[in-house]
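Numbered by mature numbering (1 follows the signal peptide of the UniProt record, and there is no 0), the letters in the sequence shown go through residues -20 to -1, 1 to 506 in order.
Glycine residues also receive a C-beta, built at the ideal position from the N, C-alpha and C atoms.
Being a predicted model, the structure only gives us computed values, none of them experimental.
Here the structure is laid out as C-alpha cells; the discussion comes afterwards.
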Amino acid sequence: SFISALICRMLTLCPQSVLTSPLPPFPTLCSLQEKQYFSFPGELLMRMLKMLILPLITSSLMSGLATMEPRACGKMGVITITYYLWTTFMAVTIGIILVVSIHPGAAAQKEDYSAGKVVLSSADALLDLIRNMFPSNLVEASFQQYRTVIVPVVKSPRFPTIPGKSLSFIYFAPDEENPEIHRPVFLELTPSPEMTYRTLPGTSNEMNVLGIVIFSATIGLLLGKMGERGAPLVNVCQCLNEAVMKIVSMAVWYFPFGIVFLIAGKILEMEDPSVTGQKLGLYAITVVSGLAIHGLVLLPLLFILITKKNPYAFIKGILQALLIALATSSSSATLPITLKCLLENNGIDRRVARFVLPVGATINMDGTALYEAVAAIFIAQVNEYDLDLGQIVTISITATAASIGAAGIPQSGLVTMVIVLTSVGLPTADITLIIAVDWALDRFRTMTNVLGDALAAGIIQHVCEKDFAPKPPKARLVGYSGSILSHADTKNVVGSETETAFLSFLTARYSERHRQISFCRADRAA
C-alpha cells in the first residue's frame, strides 16, 4: 500500500544515506495535489519558522546590544565584538571554501529551472546587497526587499514598421509545473526583432533580513548609550525576546511531527531518493570537517598567536562545558557551566567572563554561521543554481549577520537557515533536503559556539589585562587584642565600603563583651 511503502522508504533513507547503497525506483503513488495535502503539516512548520524571523531578529539584537554594561563601551567591548564578528566571518569563509571544493550537491541534481533565464551580473547583485542594507521603508522591509529585474526590450525591428500595426512580443511566461519560475517565450517573427535587456528597479516578496539586522543592531547600540531614557524600550525588547524564545521552545515540540511530513513530502517528489540520501553523508562530512578545522585548528592557532599559551590545555579545562553543549544542544543552557569552568579551571578574571560569555552566547555563533553557509550553497548545488560572486558574498554576510540573531536554543539554525535562503532567492522548501541530519549537526555546531566563547574569554583577558583598573589593596586585621577571631572573621576585605561594613559588623559583635579591638590596614602599618 501507499502508507507502508512510504514508511519503509523513510526508514531506509537515513541508514542508506550513510551506507550509500542504491534504492529501487520509487513508483508514483499519488498525484501532485495528494502530495500537497500530505505535506500540509510540514508546510505549517515552515510557516511557523518564517513567522518567528522578524521578532527573533529585532528582539535578540536590540536587547542583547542594549543591555551591555557602560564599561563595555570601552576597549574591551570594542575588541570583543570585533573578535566575534571576525571569527564568525572566518567560519563562514571556511564553510564556503569546503562546500565549493567538495561540491556535495553535484550528484543530487533536480530539473533545471534556470534554463534561458537571464542572470544578474555580479555588480548588480552587489549593488542590490548594499541597497538592502539601508531599506527606505522599514515596514516594507518586513515583507519585501529590493531586487534589480532584467526586462527584455525590442530594440528595433529589422523591417519597416507598418502604420497602425504593432509588433507583438511575449516574454517570461510562467512555467506550468512551477508558476514561480518564468521562462522566456519568443514569437516566431520573420525576420526576428533585435533584442536588448534593461535593468530596472524592482522588488521581491521576501523579507529584507539584512536591512532589519543592521537597523536592529544600530538601535540596540544607541539604546545602550541612552541609559535610563532608553530603559523602557530595552525592557520591551527583553520581554519580546523572552516571549519569542518561549514560542520557539513550544514550537520545538511540533518539530518532530512537522519534520516527518516535510521529509516524506520531499521523498514523494523525488524520482530516486537514494541520490539525495547518499549525498547527505557527504554534506554532513563537509559540515563536520569545517567545524573541526575552525574549532580545533584556526581558533587554537589564533589563541597561540595572541596569548603565546597552549590552547589545548585551555580546552581541557572546559571539557565539561563542551559535553553539556553536546548533550543539550543549547549554548544558553551551557552558559553557567562554561562560566564555572573558566573561573575555576582556567583562572579567567570574573569581570572578563561575565562580559564575554553572555555577549558571546548572543552574537558569537561560529558553528551556526558555517553550517548555514554550507547548507545554502549545498541547496543551490542540488537545484543546479550557479551562484555568482555577488550571491556568495550575500550568503557570507547574511550568514554572519543572521547567526547574530540566532537564539541560544536547540535547532535555532532552522529559523536562521530560512533567512539565508531567502536572501539569495533559493527555495526555502528545499531545507528538507538537509533537515534529516540537522539534529546531529546542531550538537556539533553548538560545541563549536561554546568553544569559541571560551577561547575568546582567554584572548580578551590577555589583550585587555593591562587596561584593567588595578584591584584595591587587600585589607588584613592586625594588632588586635581580645578573643581570637574565627577564620570567617579574618577573610580579606576588598574596597573601602566593604571594609567599613566589615568593621561595623565586628564592632557590633564584640561590643557587648566590652573588649576593645584596634584595627589598622597592613599597608599603613608597614
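Alpha-carbon spacing of residue i relative to residue j, whole angstroms
i	j	result
residue 114	residue 349	22 Å
residue 185	residue 129	13 Å
residue 425	residue 19	29 Å
residue 507	residue 293	Coverage of the chain is limited to positions -20 through 506, which leaves residue 507 absent and any answer about it impossible.
residue 27	residue 233	15 Å
residue 279	residue 62	15 Å
residue 358	residue 210	43 Å
residue 217	residue 34	13 Å
residue 438	residue 337	11 Å
residue 56	residue 363	44 Å
residue 191	residue 401	15 Å
residue 442	residue 407	45 Å
residue 319	residue 74	28 Å
residue 227	residue 332	32 Å
residue 183	residue 422	34 Å
residue 308	residue 419	11 Å
residue 180	residue 107	13 Å
residue 23	residue 123	19 Å
residue 25	residue 231	8 Å
residue 187	residue 399	8 Å
Within 8 Å, strictly: CB atoms of residue i and residue j
i	j	result
residue 340	residue 436	yes
residue 403	residue 380	no
residue 344	residue 429	yes
residue 46	residue 200	yes
residue 266	residue 79	yes
residue 60	residue 440	yes
residue 189	residue 376	no
residue 213	residue 203	yes
residue 238	residue 21	yes
residue 248	residue 417	no
residue 82	residue 262	yes
residue 76	residue 353	yes
N- and C-terminal bounds of the alpha helix (DSSP H) containing residue i
i	result
residue 365	Element bounds for residue 365: n/a, residue is neither H nor E.
residue 14	12 to 18
residue 280	279 to 287
residue 510	Any property of residue 510 remains undetermined from this structure, which presents the chain solely from -20 to 506.
residue 69	55 to 82
residue 203	189 to 206
residue 409	Unbroken run through residue 409: none, as it is neither H nor E.
residue 293	291 to 296
Contacts around residue i, its chain only, beta-carbon distance under 7 Å, and the 5 residues preceding and following it disregarded
i	result
residue 355	397, 414
residue 321	297, 298, 300, 301
residue 271	347, 350, 424, 425, 428
residue 224	32, 35, 36, 39
residue 269	78
residue 68	344, 345, 346, 349, 380, 383
residue 284	291
6 Å CB neighbourhood of residue i in its chain, flanking five on each side removed
i	result
residue 304	314, 317
residue 178	131, 133
residue 65	none
residue 43	217, 218, 221
residue 11	none
residue 410	359
DSSP three-state assignment for residue i, whether helix, strand or coil
i	result
residue 178	strand
residue 124	coil
residue 338	helix
residue 265	helix
residue 214	helix
residue 404	coil
residue 311	helix
residue 184	strand
residue 115	coil
residue 328	coil
residue 501	Its pLDDT being 41, under 50, residue 501 is placed unreliably by the model, and the measurement read from it follows with that caveat. Three-state DSSP puts residue 501 in coil, outside helix and strand.
8 Å Cβ shell around residue i - same chain, five flanking residues per side excluded
i	result
residue 70	274, 278, 346
residue 102	Confidence at residue 102 is low in this model, with a pLDDT of 46, below 50, so its placement is unreliable and the value that follows should be read with caution. 368, 369, 370, listed in sequence order.
residue 433	311, 318, 336, 337, 340, 341, 344
residue 444	55, 56, 59, 332
Minimum Cβ-Cβ distance from residue i to chain C less than 8 Å
i	result
residue 314	Looking at the structure shown, chain C is missing, and only one protein chain is on hand.
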